[in-house]
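One structure is given here, and the rest of the page talks about it.
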Amino acid sequence: MTEENNDNPDPENELAANEEESSAPVAEEVTPLKYGWRSLARNYVSFVGFAIAIAALVCIALLFLLELTGSTDQPYLGLLIWILFPAVMLVGILVVGLGMLVERRRRRKFAAEEIAEYPVLDLNDPKRRRSLIVFLVFSIVFLFVSAFGAYHAYEFTESVTFCGQLCHEVMQPEFVSYGVAPHAEIKCVECHVGSGAEWYARSKLNGVRQLIKVSFNTYDRPIKTPIHNMRPPNDTCAKCHWADKYHGEKLKVFTDYGYDEQSTMSETRLLIKVGGGSPETGRPSGIHWHMNLANEVTYVSTDEKRQDIRWVQFRDINGNLTQYFREGSTFTEQQIAEADKKQMDCIDCHSRPAHIYLSPNNAVDNSITAGKLDRSLPFLKKTAVEVLSKDYQTTEQALATISDDFHRYYRENHPDVYATDQPQINLAVAEIKRIYRTYFFPEMKTDWRSHIDNIGHFNAQGCFRCHDGRMKSPEGKVIRNDCAICHVTLSQSFRGTSIEPDNGRFRHPLDLGTAGNYNCASCHKGDRSFSHPVNLGDISRFSCNECHKEEGF
96 MTEENNDNPD PENELAANEE ESSAPVAEEV TPLKYGWRSL ARNYVSFVGF
146 AIAIAALVCI ALLFLLELTG STDQPYLGLL IWILFPAVML VGILVVGLGM
196 LVERRRRRKF AAEEIAEYPV LDLNDPKRRR SLIVFLVFSI VFLFVSAFGA
246 YHAYEFTESV TFCGQLCHEV MQPEFVSYGV APHAEIKCVE CHVGSGAEWY
296 ARSKLNGVRQ LIKVSFNTYD RPIKTPIHNM RPPNDTCAKC HWADKYHGEK
346 LKVFTDYGYD EQSTMSETRL LIKVGGGSPE TGRPSGIHWH MNLANEVTYV
396 STDEKRQDIR WVQFRDINGN LTQYFREGST FTEQQIAEAD KKQMDCIDCH
446 SRPAHIYLSP NNAVDNSITA GKLDRSLPFL KKTAVEVLSK DYQTTEQALA
496 TISDDFHRYY RENHPDVYAT DQPQINLAVA EIKRIYRTYF FPEMKTDWRS
546 HIDNIGHFNA QGCFRCHDGR MKSPEGKVIR NDCAICHVTL SQSFRGTSIE
596 PDNGRFRHPL DLGTAGNYNC ASCHKGDRSF SHPVNLGDIS RFSCNECHKE
646 EGF
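When you read off a place in the sequence shown, starting at 1, and then add 95, the result is the number in this note's numbering.
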């Protein structure tokens with residue numbers, strides 16, 4: 096009976112055994128996670144990188160929309176949109192990559208089943224929760240301060256102070272002359288860069304090249320002008336000085352002083368035909384006729400400073416072309432075709448709009464007119480120009496020598512004046528030193544000779560680069576050098592004597608004979624009185640026409 100019971104198991108016991116077996120934990124088969132490169136980005140470091148990149152992208156989008164609306168003309172928007180925030184976004188992407196590398200190295204230390212698919216962040220843990228809040232607050236504040244600081248930092252790099260004083264010591268001549276020029280209230284960036292991203296990026300890339308030259312002390316002395324890669328004036332100058340505005344005629348009074356003992360005053364009153372206009376309002380006229388209003392003037396120069404012009408092409412409103420060749424020039428058609436042609440714009444005449452370096456002659460004239468130099472001192476103009484015109488190696492040497500030479504001249508040649516007019520002499524020395532510090536920079540080899548002003552035609556060829564009567568077309572047309580084209584002389588006086596203009600044309604106070612056809616700059620130099628190229632002794636007793644009776648003599 097007992098054996099029989101053992102052969103037939105009890106159903107209740109079997110059921111209980113089955114229940115125990117079913118309730119026992121069953122080991123699940125672990126399937127290793129397949130970790131691709133995207134899963135490596137699931138870490139805190141990469142998340143921070145994503146946050147930086149996305150924040151930068153949002154800023155780019157918002158600022159780009161702001162630029163599209165045209166609600167602001169800030170040149171710094173281009174910097175932020177195309178340079179600064181893209182750089183921040185790139186940093187964010189690099190942080191993402193760094194996080195992936197760190198995560199990859201971390202995972203190599205664990206088995207697949209030990210690696211969580213995402214970082215574990217248990218916000219039920221008060222310590223972790225506080226850490227997260229601190230991190231988020233710090234990140235928001237940091238991003239805000241960084242954006243604010245970055246904007247103002249780059250804004251400062253485009254300020255006048257930065258360009259002229261802080262980093263660009265090499266720009267001292269430009270900075271000093273800018274401060275006394277008509278555009279002293281206009282920031283450098285408004286003319287040298289303008290609005291928009293393209294030229295902002297160009298200027299910064301060019302700045303890197305300049306920085307390298309300054310670092311290795313290989314920059315040009317003086318800085319070469321004209322600047323060939325400068326932004327076209329129509330994008331900058333024309334923002335205020337639009338070309339088709341009619342300016343009419345402008346009264347200009349030229350006051351200068353002689354090199355005689357009394358520094359005698361002479362005065363010329365001109366009505367300058369500035370002109371302007373547009374085809375819609377009438378025929379363009381005056382000097383601004385050149386400004387592509389209805390005409391297009393193109394030229395070829397053979398020198399870097401654009402002073403030797405050999406070929407000029409004029410296209411009128413109907414598209415008719417006229418070419419002018421310099422008389423006696425051997426310029427061939429092939430050379431013209433291969434030459435670097437320049438379309439005339441503002442800077443071809445206004446070559447020193449914001450950085451003007453006056454000649455000694457003009458600077459002393461201005462100071463006398465302003466009452467800063469006393470003409471009662473004998474030969475004041477002559478002596479002041481002489482001490483300013485000497486070659487000096489440094490500004491310090493120049494200022495010391497100017498003082499010594501000026502005092503020596505009056506002490507040795509006019510002892511009575513030196514004894515009684517010491518205050519006037521000291522004031523004159525102070526003013527002459529100011530002139531030198533403002534317009535002469537020997538360390539950079541910069542002055543009125545290195546940076547030519549093409550307005551007018553007194554100290555440089557200026558207008559006469561083309562208007563010298565020697566530019567002729569094959570059809571017989573001539574670019575005239577008639578004074579009345581650009582200005583009308585209203586009145587003249589020379590050393591106290593009134594001179595009647597020649598039917599609106601300037602009449603030279605001396606009878607020059609055939610030398611009257613010479614350009615002004617042929618005789619008038621900005622650093623001395625007229626000196627005949629041939630030593631004729633005292634020529635004050637003669638008149639020019641006594642010798643200059645025939646052409647070419």
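Glycine is no exception: its CB is placed at the ideal position from the N, C-alpha and C atoms.
Residue i vs residue j beta-carbon contact at 9 Å
{"i": "Ser358", "j": "Phe474", "result": "yes"}
{"i": "Ser234", "j": "Val143", "result": "yes"}
{"i": "Val191", "j": "Ser141", "result": "yes"}
{"i": "Ile367", "j": "Ala458", "result": "no"}
{"i": "Asn390", "j": "Ile412", "result": "yes"}
{"i": "Lys437", "j": "Arg401", "result": "yes"}
{"i": "Ala449", "j": "Ser272", "result": "yes"}
{"i": "Thr584", "j": "Leu416", "result": "no"}
{"i": "Asp339", "j": "Ser380", "result": "no"}
{"i": "Val369", "j": "Lys345", "result": "yes"}
{"i": "Asn86", "j": "Asn456", "result": "There is no way to answer for residue 86, as the model of the chain reaches only from 96 to 648."}
{"i": "Leu472", "j": "Ala523", "result": "yes"}
{"i": "Phe559", "j": "Asn576", "result": "yes"}
{"i": "Tyr419", "j": "Ile574", "result": "yes"}
{"i": "Ala292", "j": "Ile178", "result": "yes"}
Per-residue burial, residue i [other beta carbons within 10 Å of its own, 16 or more giving buried]
{"i": "Lys540", "result": "exposed"}
{"i": "His562", "result": "buried"}
{"i": "Leu468", "result": "buried"}
{"i": "Trp337", "result": "exposed"}
{"i": "Asn138", "result": "buried"}
{"i": "Glu124", "result": "Confidence is the limiting factor: at Glu124 the pLDDT is only 47, short of 50, which leaves the residue's position unreliable and the question unanswerable from this model."}
{"i": "Ala151", "result": "buried"}
{"i": "Thr478", "result": "buried"}
{"i": "Gly571", "result": "exposed"}
{"i": "Gln488", "result": "exposed"}
{"i": "Leu185", "result": "exposed"}
{"i": "Asp443", "result": "buried"}
{"i": "Thr320", "result": "buried"}
Residue i - DSSP class collapsed to helix/strand/coil
{"i": "Val275", "result": "coil"}
{"i": "Thr478", "result": "helix"}
{"i": "Phe589", "result": "strand"}
{"i": "Met325", "result": "coil"}
{"i": "Val573", "result": "strand"}
{"i": "Tyr295", "result": "helix"}
{"i": "Ser380", "result": "strand"}
{"i": "Lys485", "result": "coil"}
{"i": "Phe349", "result": "strand"}
{"i": "Arg44", "result": "Because residue 44 is not part of the residues shown, which for the chain are 96 to 648, the question remains open."}
{"i": "Pro127", "result": "The predicted model places Pro127 with a pLDDT of 46, which falls under 50 and marks its position as unreliable; any figure quoted below should be read in that light. Three-state DSSP puts Pro127 in coil, outside helix and strand."}
{"i": "Glu198", "result": "helix"}
{"i": "Ser361", "result": "strand"}
{"i": "Thr97", "result": "Only weak support exists for where Thr97 lies, its pLDDT of 45 falling under 50; the coordinates are left without a value."}
{"i": "Lys467", "result": "coil"}
{"i": "His287", "result": "helix"}
{"i": "Thr515", "result": "helix"}
{"i": "Thr541", "result": "strand"}
Sheet register partners of residue i (DSSP bridge)
{"i": "Tyr394", "result": "Val407 and Lys437"}
{"i": "Tyr78", "result": "Past the edges of the chain, shown from 96 to 648, lies residue 78, and the structure says nothing about it."}
{"i": "His582", "result": "Ile367"}
{"i": "Ile594", "result": "Gln587"}
{"i": "Thr256", "result": "Looking at the DSSP assignment, Thr256 forms no beta bridge with any residue, so it has no partner."}
{"i": "Glu491", "result": "Paired residues: none, contrary to the question."}
{"i": "Lys567", "result": "Phe420 and Val573"}
{"i": "Thr331", "result": "Answer is none; Thr331 lacks a bridge partner."}
{"i": "Phe535", "result": "In DSSP, Phe535 forms no bridge with anything."}
{"i": "Glu344", "result": "Lys368"}
{"i": "Arg600", "result": "Asp597"}
Inter-residue CB distance, residue i and residue j (contact presumed, cutoff 8 Å)
{"i": "Tyr352", "j": "Ile463", "result": "5 Å"}
{"i": "Val48", "j": "Asp500", "result": "Absent from the model: residue 48. The displayed extent of the chain is 96 to 648, so no value can be given."}
{"i": "Val309", "j": "Val265", "result": "6 Å"}
{"i": "Asn508", "j": "Asp440", "result": "50 Å between Cβ atoms; not a contact."}
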